[in-house]
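Protein chains in written order, with our numbering: chain A, -16 to 309; chain B, 3 to 291; chain C, 66 to 384.
Even for Gly, the Cβ is constructed at its ideal location relative to N, Cα and C.
Here's the structure, in structure tokens; my notes come after.
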């Protein structure tokens, strides 16, 4: 099966006053058609920046310095702006973390969804666009869409706003949906509803999805495969059941610690002692080495950066000592 | 891009950033030159600024009169450097008074809170919503124009800006640990204001004050030009242009209006450059860690 | 909404009373004697003190200040601002005929200033940290720093006297009342006044737009496939210009202050020119009338700033 999206050796730098921050450093990912890939990691691990890079939305001072993003046979990073814009919102759509700030505060919600349709279907008539927006709003569970069409974002509740964002993302029936922490800014009570909506919407449409989160429970519930990120790199990547059952990177193991059964894995990440490395001056070896129980000061961990290796079919781990139990 | 290694105090960091700002540095150099010329006016002028010489009436620039003479035969260069004293002094004194008054009230309001705060802030609101044009036009018309009146009016109309800045800073400082600690050790509120609040708010106040100087030099020039500010025969840059409301004079005697006009524009521009440079230099939001 | 409006109007009325009383007291405390300004010195000398006293009574200058203020306030509220000492015509009439030219000048200047500022501020923001941005910043500072009366004199020198492109003073050429003639007279003063307000406006537009271009919803628009032009015009600029409404409204009194100087330079027959000459002639009723006009203008502009902001920004509800 050819993957729909292949991110290969992606590196993104931010030039700041204090120096160059390598936010993403050699990330490789794959998403098959109709598949949901969960990307999990602490904040600052580079998961959002990776997602932004796919659609060329990284802003200065950020800059993609290496790698490729292949989508359906095309390298998105090499595409001229005009052609990339035809993919944005039509074939790849995005849902952002905070629907309050991600929606334009002075434009009615209906008009913002309509804009997404008109940008890619310019010949569709006014009435047809409106009908489609109402249909979309209804399908994501916004009650009384006709009355809410002309309302502004601040007149929606948090959950409703995110539903509207999802409607906007689905407007052109994309092949790939990228959801960047879609429930972080929401009340706990509406989180599962919104996640369920993303799940059913993608599966019904046969769309693939990249679901970025720091919540392992979300991954366990929705994702087919998972990529674990740490300090700008993917440290483990594979089938979600396989990774949860036999985690092959000490960081993943740390995350899963205290979760005896997969079904109970809910809530945020369990803290691991220590803190992520300073990305201004990353260590030469394994970025996780200072916090790793397995490394225990071994020279290989300090000096050589581990590359991902297959520990099983389709299961990669970037650890020198992945065979060793903790 | 280099990573910062040497630890630097905020003040020396600010000084370094200011020096990197070429516009601000050029402004500072220009202002120094203008200041020196104004201070040394009697020495460099070569003529008395107020001596009327009807024999030398509206003469073009020459070796005897560097910038020519005006409609009363007075030496334009001598008037220009003496006017600089008046214009700079009015701008500096009134800004200083406004900022000092505003800082004091702001620190008291922030430190004492309660009714003092309420009264001061309400007064600031009223002064801010008060059309200062009315105050100045009416006062100038009523009390009679003059440099001292300008300083008073400018100070009375412009203290709220500094007051608000300082009050805000004081409120946040009041909660800081070192201030709390000082209070716990029995330091009185006025001591705390003097020892902790004033030094901490100084950078922001300096920025506000500098930008105010630019505004007020400009305002003094306009009012004096209209005959509502510094009155002849005492020269100010603004009233040197009052004569230039005559087309023949504008066309044939540019030495009468160009030098004072440029003096105002360049001085205000230089003060603005310095103010902007100071603002960028003390903007601690841009510093990480 | 209604309660808010009423509260604002009441507050404004209180400020208005405060201002009017202050203005009135100050003007009445004036050291100059209007009678001496108005009457021919020979008649003053031959008429003697009795003549002066009669004249003072005629002008209402011999009554206690508070009484005069009370009478005056009642008259003002009834639309009567008194009579000019100099022309003896009603102040409202004298001011009224000067209002048109001033409004025309200020309105045109505001339009010029806004167009310039939005264009320059937008250019600077989207070309951030380039030579264009730095040049705009310096030009903006320059516009703030050059006094408008000097700019006006320089414009007269260059465009009227040297190049002959536009007339240097007045509002019309005698014998020609056409619109083209008016426009020719308007262009220089309006451009000078417009330039003087474009400086600060440009800074607001640039800073506001930079903040908006950084906002999440801009990224959403980009993710939808919107091009840079659409992102700028339909999304970022729309949000960035809302705060400008307040800035513009609050700047109107400053604009009027600028207009006073520009009217003087270009001999534009507006209220500013009238105010300056009235102060010189100790024509107190006209000075008071002008001051009251400015006070009302300031209050109206403050109220308009709030209302317009609420209209432009759906997030604000007036309550």
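Helix or strand or just coil, what does DSSP make of residue i?
i: residue -9 (chain A); result: strand
i: residue 67 (chain B); result: coil
i: residue 197 (chain A); result: coil
i: residue 77 (chain A); result: strand
i: residue 20 (chain A); result: strand
i: residue 0 (chain A); result: coil
i: residue 133 (chain A); result: coil
i: residue 145 (chain C); result: coil
i: residue 11 (chain A); result: strand
i: residue 328 (chain C); result: helix
i: residue 120 (chain B); result: helix
i: residue 192 (chain C); result: coil
i: residue 71 (chain A); result: strand
i: residue 5 (chain A); result: strand
i: residue 80 (chain C); result: helix
i: residue 192 (chain A); result: strand
i: residue 36 (chain C); result: Summary: the structure shown does not reach residue 36 (chain C), with chain C confined to residues 66 through 384, and so no result is reported for it.
i: residue 265 (chain C); result: helix
i: residue 62 (chain B); result: coil
i: residue 295 (chain A); result: strand
i: residue 57 (chain A); result: strand
i: residue 166 (chain C); result: helix
Give me the Cβ distance between residue i and residue j, rounded to the nearest whole Å; I'm assuming they're in contact under 8 angstroms.
i: residue 298 (chain C); j: residue 85 (chain C); result: Their Cβ separation, rounded to whole angstroms, is 45 angstroms, which puts residue 298 (chain C) and residue 85 (chain C) out of contact at 8 angstroms.
i: residue 198 (chain B); j: residue 209 (chain B); result: Incorrect: roughly 20 angstroms between the Cβ atoms, too far for contact.
Who are the near neighbours of residue i in its chain, counting only those whose CB is closer than 6 angstroms to its CB and skipping five residues on each side?
i: residue 103 (chain B); result: 161
i: residue 182 (chain A); result: 205
i: residue 239 (chain B); result: 85, 89, 223, 262, 265 and 266
i: residue 200 (chain B); result: none
i: residue 261 (chain C); result: 213 and 323
i: residue 317 (chain C); result: 366
Output the boundary residues of the beta strand (DSSP E) element that contains residue i.
i: residue 213 (chain A); result: 208 to 213
i: residue 154 (chain A); result: Counting along the chain, residue 154 (chain A) falls outside any beta strand (DSSP E), and DSSP gives it neither H nor E.
i: residue 54 (chain A); result: 45 to 54
i: residue 162 (chain A); result: 159 to 163
i: residue 300 (chain A); result: 298 to 300
Here's a check: name, in chain order, each residue in its chain whose Cβ is nearer than 7 angstroms to the Cβ of residue i, leaving out the five neighbours to either side.
i: residue 27 (chain B); result: 21
i: residue 144 (chain A); result: 82, 83, 86 and 136
i: residue 195 (chain A); result: 22, 30, 31, 34, 162, 163 and 164
i: residue 87 (chain B); result: 40 and 43
i: residue 215 (chain B); result: 93, 94, 97 and 273
i: residue 278 (chain B); result: 26
Report all residues from its chain with a CB closer than 8 angstroms to the CB of residue i; omit the five preceding and five following residues, and keep chain order.
i: residue 159 (chain C); result: 149, 152, 339, 351 and 354
i: residue 361 (chain C); result: 81
i: residue 38 (chain A); result: 59, 67, 70, 71, 75, 77 and 161
i: residue 305 (chain A); result: 231, 232, 292 and 294
i: residue 156 (chain A); result: 188 and 190
i: residue 299 (chain A); result: 217, 219, 220, 221, 291, 292 and 293
i: residue 101 (chain A); result: 107 and 112
Examine the ligand COA and report whether any of its heavy atoms sits within less than 6 angstroms of the Cβ of residue i.
i: residue 198 (chain B); result: Summarising the ligand content, the structure contains no ligands, and the ligand COA is consequently not present.
Return the first residue and the last residue of the alpha helix (DSSP H) that residue i is part of.
i: residue 182 (chain A); result: 171 to 188
i: residue 100 (chain A); result: 92 to 103
i: residue 261 (chain B); result: 256 to 284
i: residue 350 (chain C); result: 349 to 377
i: residue 344 (chain C); result: 336 to 345
i: residue 283 (chain C); result: 281 to 289
i: residue 93 (chain B); result: 78 to 114
i: residue 37 (chain B); result: 24 to 41
i: residue 82 (chain A); result: 82 to 85
i: residue 214 (chain C); result: 213 to 220
Got a sec: is the Cβ-Cβ distance from residue i to anything in chain F below 7 angstroms?
i: residue 135 (chain A); result: No chain F appears in this structure, whose protein chains are A, B and C.
Pick out the complete beta strand (DSSP E) segments inside the segment 216 to 293 of chain A, 3 residues or longer, and give them in chain order. 216 to 222
Can you give, in chain order, each stretch of the alpha helix (DSSP H) that sits fully within the segment 185 to 231 of chain B and has at least 4 residues? 191 to 194 and 200 to 227
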